[in-house]
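Participant: What follows is a structure written as structure tokens; I'll ask about it next.
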Amino acid sequence: MGRATWFDADGTKRGGWTDEEDQKLVAYINEYGIGDWRFLPRKAGLQRCGKSCRLRWMNYLRPGVKKGKFTPEEEEAIMNFHSILGNRWAAIAQQMPGRSDNDIKNHWNSCLKKRLERQGINQMTYQPIINLAVKTPSFNIDCGNSSSSTVSASPSFSSSGSASLLNRLATGISSRQHGVDRIKNIFSDPRTAIITGQEEEFEESKKDHGKALASDDQEDDFLMWDEENMRRFMEEIGQMDPEMNGVCNSSSSSPYGIYETSLLDD
DNA sequence: AAGTGAAGCAACCGCGGCGTT
DNA sequence: CAACGCCGCGGTTGCTTCACT
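Position 62 of the first sequence, counting from 1, maps to 62 under full-length UniProt numbering, and the rest follow consecutively.
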């Protein structure tokens with residue numbers, strides 16, 4: 001696979017990479033490390049632009065990059081992180097060691113997004129597009145690569161799973177006195193199952209942070225955040241990324257500790 | 001066997017953030 | 001403080017492979 005090779009006006013090579021080019025890039029970085037991407041190609045004897053080298057290294061050649069099919073656990077993780085972080089693929093990739101942002105983004109766009117559409121779930125809000133009252137049967141994840149795991153459909157997935165997690169995160173953030181610690185607790189809590197119901201705990205959270213949830217409008221599945229709340233949330237998520245890594249990795253043997261229970265419980 | 005569309009993957013493009021001058 | 005350049009990110013495109021007719 002890959003693109004055809006061509007040269008642009010200034011003689012820079014574009015398109016697919018050859019084995020020889022890969023070897024040159026790897027050999028150079030192994031010996032000298034990553035320095036200035038601008039000058040790296042020339043020093044490494046490549047006719048590529050720095051951007052292209054960086055992309056190739058980060059997405060394909062970098063040690064530890066995992067290639068091949070996504071496991072059901074990884075797919076579940078992507079959906080869960082996406083429900084929290086949105087299209088911040090780099091941030092999602094940070095939580096999934098071995099997978100590049102490009103890889104995750106591609107898998108999302110080519111497979112997971114369509115799967116949610118087929119299931120009638122809004123890909124941005126993770127809410128069912130169809131009437132909640134409609135009883136939805138179980139369905140199979142049918143993305144070829146996934147070993148056929150059955151996941152119960154909405155409402156358990158959308159409103160009790162990711163939505164619940166979101167609510168609890170929102171609750172944590174709404175209370176400035178708990179702030180990041182509250183979110184870390186949510187992530188580190190082994191009971192934070194994505195698919196199993198979390199309504200009880202959410203109710204408890206609401207008691208803890210009743211003031212933040214005072215409005216009736218906020219009693220729905222999703223809190224309605226204003227821009228200020230959302231901005232704070234994204235800032236705090238950004239600040240805690242390294243720590244969240246630790247939390248996720250330490251809570252279980254799985255690299256994706258926060259969500260593994262949902263798939264491994266049965 | 002040939003044609004066609006969907007799926008999957010690799011890479012490019014353009015923009016915004018950030019550091020430097 | 002503005003201008004500039006580089007880097008990283010997200011969106012998009014292009015190509016190959018696969019499945020189906």
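Every residue, glycine too, gets a C-beta built ideally from N, C-alpha and C.
(1) When DSSP labels each residue in this structure, what does Ile34 get in the three-state scheme?
(2) For residue 348, tell me which candidate among Tyr126, Glu74, Gly45 has the shortest Cα-Cα distance.
(3) Exposed or buried, which one is Trp6 when buried takes at least 16 other CB atoms within 10 Å?
(4) Given a threshold of 16 other Cβ atoms within 10 Å of its Cβ, counted over all protein chains shown, does Met96 qualify as buried or as exposed?
(5) Roughly how many angstroms lie between the CA atoms of Gly11 and Lys51, to the nearest whole one?
(6) Per DSSP, what are the beta-bridge partners of Trp6 in this structure?
(7) Out of Lys67, Ala91, Val65, Ile29, state which residue places its alpha-carbon closest to the alpha-carbon of Ala77.
(8) So, are the CB atoms of Asn59 and Asp19 less than 8 Å apart?
(9) Under DSSP, the alpha helix (DSSP H) around Cys53 begins and ends at which residues?
(10) Quick check on Pro128: does DSSP put it in helix, strand or coil?
(11) I'd like to know whether the C-beta atoms of Arg38 and Lys66 end up nearer to each other than 8 Å.
(12) What residue range does the alpha helix (DSSP H) around Ala44 cover?
(13) By the DSSP assignment, the alpha helix (DSSP H) with Ser83 in it spans what residues?
(14) By DSSP, does Ala93 sit in helix, in strand, or in coil?
(15) Should Ala4 go down as buried or exposed, given a rule of 16 or more other Cβ atoms within 10 Å for buried?
(16) For Ile121, which residues does DSSP report across the bridge?
Facilitator: So, from the data block:
(1) coil
(2) Any answer about residue 348 is impossible in this case: the structure gives the chain only from 1 up to 266.
(3) exposed
(4) Burial call: buried.
(5) 15 Å
(6) Arg14
(7) Ala91
(8) no
(9) 50-56
(10) Here Pro128 sits in strand by DSSP.
(11) no
(12) Careful: Ala44 lies outside any alpha helix (DSSP H) and carries neither H nor E.
(13) 72-85
(14) helix
(15) Classification of Ala4: exposed, given that the 10 Å Cβ count is below 16.
(16) Pro128
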